[in-house]
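Colleague: Quick note on the working numbering: the sequence shown kicks off at 10 and runs consecutively.
Take this structure first; my questions come after.
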Amino acid sequence: MDRKAIGSVEFTVLGLHEAVDTVLDLPHRIAPDGHPGISVHFANAYNVALARKNPDYSELLNSADYVFSDGVPITWVGKRAYPQVASSWDRVYGPDVMTMVLQRSHQGSPRHYLLGSTPKVLQALTASITTRFPEATIVGTESPSFDQASAEEITARDQRIIDSGADLVWVGLGTPKQDYEVQRLASNLPVVALAVGAAFDFLAGTTAQAPTWMQRNGLEWTYRFAKEPKRLAKRYLWGNSVFLFEGARTLRRNR
């Protein structure tokens, strides 16, 4: 499986449907490989910008099992920088993957655990999943406190995940917090941990998604920024500027 760097982040090059197939297969790989767990991240321009600013964060993403291309600008740069893999490099958007995996869940396989967001969003998300994907089995939900958890609280939470029998732990704690948690989970528990960010809000219906045409043309950020300018100002104004630099540097490096 190809991994190609944009900035300092190494991305897993796969098409959307191949990525969904991979995620559904991952729980079967844990025991035979002797791996404690498997980590899956969905990275976009902001993740690339954060990785430039913080070498530890860059190292964390590059130690992950999979880092998919969550944003259209990632695929634009990737296809031009690495034309040999352009035909197989798609946007692999976290909300799309979560939706498609839930659609293909059946008879208790795989078993899903939802970790993150607020109790209100988790309640709406659970209701939405139950209605839209009645065959999907949710074995646990948890909304951690925004405060730093103690070692005892983390141990207790991990035990609840183990006791639930979860295969896939969907983590929606915001970037970069969720990325650190996914790596920690995969290093300690026999689960597939996936950092999916705003997927919880989108699937719950508590936050509107950008129209498809905006997503397809790399304009989703403008839609979200217009909805929440104060909260997302740094993410998009600073993050996009740094990504432009990193994208140009990647293209120069691969000429």
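The beta-carbon is built from N, C-alpha and C at its ideal position, and this holds for glycine as well.
Just so it is clear, the structure is predicted and the values come from calculations on it, not from any experiment.
Where are the beta strand (DSSP E) runs, 3 residues long or more, that stay fully inside the stretch 178 to 253, in chain order?
Modeller: List check, beta strand (DSSP E) in window: 201 to 204.
Colleague: Within 10 angstroms of its Cβ, does E229 collect 16 or more other Cβ (buried), or is it exposed?
Modeller: By the 10 Å Cβ count, E229 comes out buried.
Colleague: Once the 5 residues before and after G180 are set aside, which same chain residues still bring their CB inside 8 Å of it?
Modeller: For clarity, residue 180 is Val in the given sequence; the question names Gly instead. Cβ within range, chain order: L124, G125, Q187, E190, V191, L194, A202, L203, A204, V205.
Colleague: Using only the alpha-carbon positions, how far apart do G166 and T21 sit?
Modeller: For clarity, residue 166 is Arg in the given sequence; the question names Gly instead. So the two alpha carbons sit approximately 30 Å from each other.
Colleague: If you draw a straight line from the alpha carbon of I171 to that of L198, how long is it in whole angstroms?
Modeller: Straight-line Cα distance between these residues: approximately 7 Å.
Colleague: Express the C-alpha separation of S250 and N53 in angstroms, rounding to a whole number.
Modeller: Whole-angstrom Cα-Cα distance: 13 Å.
Colleague: Rank V29, V57, E19 by C-alpha distance to the C-alpha of L253 and give the top, closest one.
Modeller: Per the Cα distances, V57.
Colleague: Is it a yes or a no for the stretch 133 to 141 touching the stretch 209 to 225, going by three-plus beta-carbon pairs under 8 Å?
Modeller: These segments touch.
Colleague: Bridge partners of Y55, per DSSP?
Modeller: Paired residue(s): none; Y55 is not in a bridge.
Colleague: For P82 and G227, which I take to be in contact (beta-carbon distance under 8 Å), what is that distance rounded to the nearest angstrom?
Modeller: Sure, about 5 Å apart at Cβ, within 8 Å.
Colleague: Under a Cβ-count criterion, where at least 16 other Cβ atoms within 10 Å of its own Cβ denotes burial, should M10 be classed as buried or exposed?
Modeller: The residue in question, M10, is exposed, as its Cβ has fewer than 16 Cβ neighbours within 10 Å.
Colleague: Kindly give me the distance between the Cβ atoms of S114 and E144, rounded to whole angstroms, as I take these residues to be in contact under 8 Å.
Modeller: Right, their Cβ atoms sit about 6 Å apart.
Colleague: When you compare the CB positions of G80 and W98, do they come within less than 8 Å of one another, or not?
Modeller: No; because the gap between Cβ atoms is not below 8 Å, this pair is not in contact.
Colleague: Find out if the Cβ-Cβ distance for the pair A175, V200 is shorter than 8 Å.
Modeller: It is a contact, given that the beta carbons lie within the stated cut-off.
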